[in-house]
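Step one of this worksheet: look at the structure below.
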Amino acid sequence: MKIYFAGAIRGGREDRALYLSIVEQLREYGHVLTEHIGDAALSELGEVGDDKKIHDRDLAWLIEADYLVAEVTTPSLGVGYEIGKATEWGKPTLCLFRPDRGRILSAMIAGGSGIMVREYENAEELENIFAEFFNSYADKAD
């Protein structure tokens, strides 16, 4: 199973350590195509390289992925774009949101058909959320 993990890069890197924890937990379920999202060397300036090449590479990974998991607490145009494409292509999509940050989740995500949204407070809660998400699709595959 291949998982595309999305989190803010140019939108802000304050959750980098959390992203790393999410990637580590997702590895229990499959191959995470976007492990670099949690990389400490990645700044809010993004990756070094041509924007078109990064776009095309990431879109190829998203096409290849079986699932999209996105941390959406920090608003990001790129993450929103990825969620839109994944849902358009019928990929199971999980969005993680921490409401204690004083933000309100966009209705385009919260009300999106085909998107499972789960609120949480810390990384320890994600184990149960991931089990629920991946098991709900494993049941449908039987």
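Residue 11 is where the sequence shown starts when you use the working numbering, and the numbers rise one by one after that.
Glycine included, every Cβ here is placed at the ideal spot set by N, Cα and C.
- With a beta-carbon spacing of about 13 Å, I47 and I64 fall beyond the 8 Å limit used to define contacts.
- Within 10 angstroms of the beta-carbon of I32 lie 16 or more other beta-carbons, which makes it buried.
- As DSSP reads the structure, H41 sits in a beta bridge with K12.
- In terms of Cα proximity to P109, the closest of K101, T83, G17, A133 is T83.
- Taking 4 residues as the shortest admissible run, the region 103–146 contains the following complete alpha helix (DSSP H) segments, listed from N- to C-terminal end: 117–120.
- Excluding residues up to 5 positions away in sequence, M11, K12, I13, D76, Y77 lie with their Cβ nearer than 8 Å to the Cβ of G40 in the same chain.
- Its chain contains V82, T83, L115, V127, E129 as the residues whose beta carbon lies nearer than 7 Å to that of F107, once the 5 sequence neighbours on both sides are disregarded; these appear in chain order.
- Linking E38 to N132 through their CA atoms gives a straight-line distance of about 18 Å.
- Judged by DSSP secondary structure, A27 falls within the alpha helix (DSSP H) whose first and last residues are 26–36.
- Between I93 and I119, the beta carbon gap of about 6 Å places them in contact (Cβ cut-off 8 Å).
- Sixteen is the threshold: when 16 or more other Cβ atoms of the shown chains lie within 10 Å of the Cβ of G17, as they do, the residue is buried.
- The three-state reading of DSSP puts A75 in coil, since its state is none of H, G, I, E or B.
- Closest in alpha carbon position to I139, among Y29, R26, Q35, A27, is Q35.
- Each residue's CA atom was taken as its position, placing A80 and F15 some 6 Å apart.
- Contact between Y29 and P102 is ruled out by a C-beta separation of about 20 Å, above the 8 Å threshold.
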